[in-house]
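With the working numbering as the guide, the letters of the sequence shown map in order to residues 6 to 269. Using N, Cα and C, we set each Cβ at its ideal position, and we do this for glycine too.
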Amino acid sequence: MGILNLTPDSFSDGGRHGDLAAARAQAQRLIAQGADLLDIGGESTRPGADPVSAEDEIARILPLITALRTAGDIPLSVDTMKPQVARAAVAAGATIWNDVAALRYAPDACDVAAELGCQVVLMHMQGEPRTMQAAPHYDDVVAEVCAFLTERAQAAMAAGVARDKIWIDPGIGFGKSLDHNLALLARLDAVVALGFPVLLGASRKRFIAALHPAADAPDARAPGSIAAALAGAQAGVAAVRVHDVGDTAQALDVWTAIARARLT
Ligand code: HH2
6 MGILNLTPDS
16 FSDGGRHGDL
26 AAARAQAQRL
36 IAQGADLLDI
46 GGESTRPGAD
56 PVSAEDEIAR
66 ILPLITALRT
76 AGDIPLSVDT
86 MKPQVARAAV
96 AAGATIWNDV
106 AALRYAPDAC
116 DVAAELGCQV
126 VLMHMQGEPR
136 TMQAAPHYDD
146 VVAEVCAFLT
156 ERAQAAMAAG
166 VARDKIWIDP
176 GIGFGKSLDH
186 NLALLARLDA
196 VVALGFPVLL
206 GASRKRFIAA
216 LHPAADAPDA
226 RAPGSIAAAL
236 AGAQAGVAAV
246 RVHDVGDTAQ
256 ALDVWTAIAR
266 ARLT
C-alpha cells in the first residue's frame, strides 16, 4: 500500500503533493514502483497534529480520488477518521476506509461503514493523535492491542460490516513507546492469529530514528522501514503501508523468493 498524503503537515511527505498535478504524478510513480493499492490522506495523524474539518479534508482528497478513478483501476483507500469523509471518498470510487480511530471517532461510524459496504481497516491507537505520545502505558501491550482489535471487529460486525471486509492494524507509533512498538513488531504473529488480514504501518516512523540516530530525517528511514516490513512478511501480514514503495517491493520480492525456495 503506497502512501499519498495531501496534507501540508504530514511528518514525512507533508506539503509535497499539494496540487492535483503533483499528487497525480506521485500516484503514477507509486504505481510504477509496484504499489498494489494507494492510501490517500487529507489529515495528518502525527503526534501533535492539528485537526482538520471534514469539508477541508474532502476538498483536499476528492479531486485526486476522482482523477485516479477515471484514469485507472488501482484500488484506493481513504485514510480518515470521519464518516462524512469516508462517505464522500467511497462515492468517488475509494473501496477501503482506513480508519486510525477504528470506527470510534463518531457515534455513527460503524453504521456508516456497514452502509458503505467498503473494506475497513481498524487500527489500534491509545489516546488521540494530539496527545497520544505524552505517556503511553500498557501492562501487556500485545494482549491489550489484540483485545482492542477483537472488540472493534466485533463492534463493526454487530453494526453490519461483513467479516470479510475487515482488516486490522496494530498501529505502530500511535500511543506507543519504543518498547511497545518493538514488542508488537516482535509478536505480529499474535495479531495475525486473530484471523483478519493485517495491515502494518511502520514506514519512516520515529522508532526507527530512536534505534538509529543517523536516520533523524524521515526520508532517511527507508532501510529501517524495510526491516520492519520484512518482520511483517515473516509473521504473515497481508499488506504493508509504505512511503518507499520501490525499495520495499524489491525487498519483499527477494524475501518471498527465499521463503519459497525454503519450501522446495
Ligand atoms: N500511520 C499513519 C497514518 N495512517 N493508517 C494505518 N492503517 N496504519 C498506520 O500505521 C498509519 C495509518 C501515519 O503515517 P503518515 O500517513 O505517513 O503520516 P501523517 O499521519 O503525518 O499524515
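Proximity winner among the options, relative to residue i (alpha-carbon distances)
i, options, result
"residue 65", "105, 19, 158", "19"
"residue 92", "245, 122, 57, 37", "122"
"residue 242", "199, 215, 142, 204", "204"
"residue 185", "198, 166, 150, 201", "150"
"residue 213", "56, 182, 129, 9", "182"
"residue 153", "129, 21, 239", "129"
"residue 236", "220, 266, 191, 14", "191"
"residue 88", "111, 96, 75, 14", "111"
"residue 29", "74, 54, 56, 61", "74"
"residue 58", "85, 41, 40", "85"
"residue 187", "261, 167, 216", "216"
"residue 39", "265, 100, 169, 256", "256"
"residue 244", "27, 82, 14", "82"
"residue 12", "265, 196, 119, 54", "54"
"residue 202", "103, 174, 233, 141", "174"
Cβ neighbour criterion (16 or more within 10 Å) applied to residue i
i, result
"residue 134", "buried"
"residue 48", "buried"
"residue 7", "buried"
"residue 230", "buried"
"residue 78", "exposed"
"residue 177", "buried"
"residue 126", "buried"
"residue 200", "exposed"
"residue 131", "buried"
"residue 17", "buried"
"residue 22", "buried"
"residue 263", "exposed"
"residue 223", "buried"
"residue 259", "exposed"
"residue 180", "buried"
"residue 194", "exposed"
"residue 60", "exposed"
"residue 31", "buried"
Anticipated Cβ contact below 8 Å, residue i with residue j, distance rounded
i, j, result
"residue 68", "residue 25", "5 Å"
"residue 46", "residue 71", "Contact doesn't hold; Cβ gap of about 16 Å is too wide."
"residue 105", "residue 155", "About 18 Å separates the two Cβ atoms, so there is no contact after all."
"residue 157", "residue 108", "6 Å"
Short CB-CB distance (under 8 Å) between residue i and chain B
i, result
"residue 74", "The chain labelled as chain B is not found in the depicted structure, where only one protein chain is given."
- Message: With three or more beta-carbon pairs closer than 8 Å as the criterion, would you say the segment 195-211 touches the segment 247-254?
- Response: Yes, they touch.
- Message: What ranges does the alpha helix (DSSP H) occupy inside the segment 70-132, keeping only unbroken runs of at least 4 residues that lie completely in it?
- Response: Listed in chain order, the alpha helix (DSSP H) runs fully inside the segment 70-132 are 88-97, 114-121, counting runs of at least 4 residues.
- Item | Three CB pairs or more closer than 8 Å across the segment 103-121 and the segment 153-166 | Contact between the segment 103-121 and the segment 153-166 is present, with at least three C-beta pairs closer than 8 Å.
- Message: As an exercise, report each continuous beta strand (DSSP E) stretch of at least 3 residues that is fully enclosed by the segment 27-65, in chain order.
- Response: As far as the segment 27-65 is concerned, its whole beta strand (DSSP E) runs of at least 3 residues are 43-46.
- Item | Every unbroken alpha helix (DSSP H) within the segment 201-262, with a cutoff of 4 residues, ordered by chain | The segment 201-262 contains these whole alpha helix (DSSP H) runs: 211-216, 227-240.
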